[in-house]
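Numbering-wise (the working numbering), the sequence shown opens with residue 19 and increments by one.
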Amino acid sequence: MAIPEEILEKARNALTHAARPLFFHDDDPDGTCSFVILYQFCKEGSGVAIKTSPVLTKEYLRKVDEYSPDLIVVLDKPKIDDEFLQAVKTPIVWIDHHEPQIETAKRFPNLFYINPRIWDDADNRPTSYWSYRIAKNNLWIATVGSVADWHVPDYIDEFAKTYPDLMPESYTGITDLYLDTPIAKLIRVIQFNLKGSTTEARKSVITLTRIESPYEILQQTTSRGRFLWKKYERLAAGYDRMLAEAKATAAETPESNILKYLYTDDSMTFTSELSNELLIRYPNRIILVGRKHDGNVKCSTRSKDIEMPTIVTESLKGCEGYGGGHRNACGIVVAEKDWDTFYAKFSELVDKALQ
19 MAIPEEILEK
29 ARNALTHAAR
39 PLFFHDDDPD
49 GTCSFVILYQ
59 FCKEGSGVAI
69 KTSPVLTKEY
79 LRKVDEYSPD
89 LIVVLDKPKI
99 DDEFLQAVKT
109 PIVWIDHHEP
119 QIETAKRFPN
129 LFYINPRIWD
139 DADNRPTSYW
149 SYRIAKNNLW
159 IATVGSVADW
169 HVPDYIDEFA
179 KTYPDLMPES
189 YTGITDLYLD
199 TPIAKLIRVI
209 QFNLKGSTTE
219 ARKSVITLTR
229 IESPYEILQQ
239 TTSRGRFLWK
249 KYERLAAGYD
259 RMLAEAKATA
269 AETPESNILK
279 YLYTDDSMTF
289 TSELSNELLI
299 RYPNRIILVG
309 RKHDGNVKCS
319 TRSKDIEMPT
329 IVTESLKGCE
339 GYGGGHRNAC
349 GIVVAEKDWD
359 TFYAKFSELV
369 DKALQ
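Structure below.
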C-alpha cells in the first residue's frame with residue numbers, strides 16, 4: 019500500500035500556504051532533488067543542506083532563528099534530534115524513506131511525518147519520488163533523483179516521452195540507467211556539485227533551483243548550466259582516476275567475494291559514487307570503498323543480494339565507529355586503528371552469507 023493521497027494532499031496544502039518555508043535536506047542527489055522540486059513548487063523559501071550527519075541536530079536551530087520560517091520541511095534525513103524538535107514550535111513536514119521514526123512523530127504534535135514504510139515496510143521509494151507526487155512538477159529532476167537513489171520510478175515512461183533523447187534505446191532495470199546514459203551524466207553533475215565547502219555547494223544548489231531544462235546542463239546552453247558543468251568537469255578527472263584504480267584492484271583479486279578499495283584524499287570524497295558504479299560493473303561482488311581521513315576510514319558498502327546492515331553492525335562490535343543504512347547499501351565510519359579488526363570480521367561474515 020502506497021502513501022494515501024490524503025496524506026500527500028495534506029503536505030501539498032502545507033507547502034501551498036507557506037510564505038517562508040525553511041528546507042533542511044540531505045546533501046545527496048535524492049535529498050537535493052527533493053529540495054529543488056518543493057522549492058520550485060513553493061516559489062519561496064530557503065534551503066540548508068545537512069552535510070555532516072544523518073541526523074538533523076540542535077546545532078541547526080540557529081538557522082531557524084535566523085530565518086523565522088512559518089514552515090520547516092525536512093527531506094531525506096533518517097532522524098531529527100529530540101532537542102531540535104522540543105525547541106521548535108513551527109509546523110514541520112518531514113518526508114523520508116529510511117527506518118520509520120513513528121514514536122518520535124507521535125510525541126510532537128507540530129510534526130507531520132511522511133514515510134512510505136509506515137504503510138508498507140518494503141516500500142522505500144526515495145524522497146524525490148514522493149516530492150514529485152506532492153508537487154506534480156519537475157519531471158526531469160524527479161527522475162534524476164529517483165534513479166540516483168537506485169529506483170526506477172513509475173513515471174519513467176512519461177520522462178521517456180518528454181525527453182526521448184535522454185533515455186537509452188532499451189533498458190531492463192536501474193543498472194541500465196545509472197551508467198553511460200544522459201541521466202547518469204546528470205546524476206554525476208549534481209553529485210559533484212554538492213562537493214566542496216558548504217558555501218561552494220550552496221551556490222551550486224541555488225544555481226540548480228534556477229535550471230529550467232536538463233539541456234541547460236548537458237548542452238551548456240545557459241550560464242547556469244555552464245557553471246554546474248564546469249565544476250563537474252573539474253572533479254571528474256579525480257573520480258575517473260580512482261575508478262581506474264578500483265578496477266585494477268578488482269582485476270588483481272578475482273577470487274575475493276569483496277572488492278575493497280581504500281584511498282586517501284584530504285579534499286573530496288567519492289566513496290558513495292564509486293561504490294554504486296562498482297556494484298554495477300561487478301554485480302557478483304560485495305563492494306567496500308573507504309576513504310582514510312582524520313584518523314577514520316569512512317566507507318560505503320553495496321551488495322546486489324545480501325542484507326548489509328546486520329553484517330555492518332556485527333563487524334563494528336569492539337571497534338570505535340558506527341554504520342547503517344538500507345538493505346543493500348550502508349555507510350560506515352570506523353577508527354583507522356580498528357580497521358584490521360573490522361575488516362577481518364566483515365570479510366568473515368560476507369563469506370558466510372554467500373555460502
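Glycine included, each C-beta is placed from N, C-alpha and C at the ideal position.
| query | result |
| --- | --- |
| Give me the Cα-Cα distance between residue 357 and residue 308, rounded to the nearest whole angstrom. | 10 Å |
| Which of helix, strand or coil does DSSP assign to residue 309? | strand |
| In whole angstroms, give me the CA-to-CA distance for residue 291 and residue 209. | 8 Å |
| Between the region 69-79 and the region 155-175, do at least 3 Cβ pairs fall closer than 8 Å? | no |
| Only counting runs of 3 or more residues, tell me where the beta strand (DSSP E) segments fall wholly within the region 263-329, in order along the chain. | 276-282, 304-311, 314-320 |
| Would DSSP call residue 137 helix, strand or coil? | coil |
| Straight-line CA distance for residue 230 to residue 46? | 20 Å |
| Can you tell me the Cα-Cα spacing of residue 170 and residue 136, whole angstroms? | 21 Å |
| Less than 6 Å between C-beta atoms, sequence neighbours within five positions excluded: which residues of the same chain meet that for residue 226? | 54 |
| Quick check: the region 232-246 against the region 267-276, are at least 3 beta-carbon pairs closer than 8 Å? | no |
| On a Cα-Cα basis, can you pick out the residue from 341, 131, 80, 287 that is closest to residue 106? | 80 |
| Please name the residue, chosen from 333, 281, 234, 271, that lies closest to residue 257 on a Cα-to-Cα basis. | 281 |
| State buried or exposed for residue 182, treating a residue as buried only when at least 16 other CB atoms are found within 10 Å of its CB. | exposed |
| For residue 224, count the other beta carbons within 10 Å of its own beta carbon; 16 or more makes it buried, fewer makes it exposed. Which is it? | exposed |
| Can you list, in chain order, the stretches of the beta strand (DSSP E) that have 3 or more residues and sit fully within the region 87-144? | 89-93, 110-113, 129-132 |
| Quick one: using the 10 Å Cβ neighbour count with 16 as the cut-off for buried, is residue 115 buried or exposed? | buried |
| What is the residue span of the beta strand (DSSP E) that residue 350 lies within? | 347-353 |
| Just the Cα atoms here: how many angstroms apart are residue 216 and residue 360? | 31 Å |
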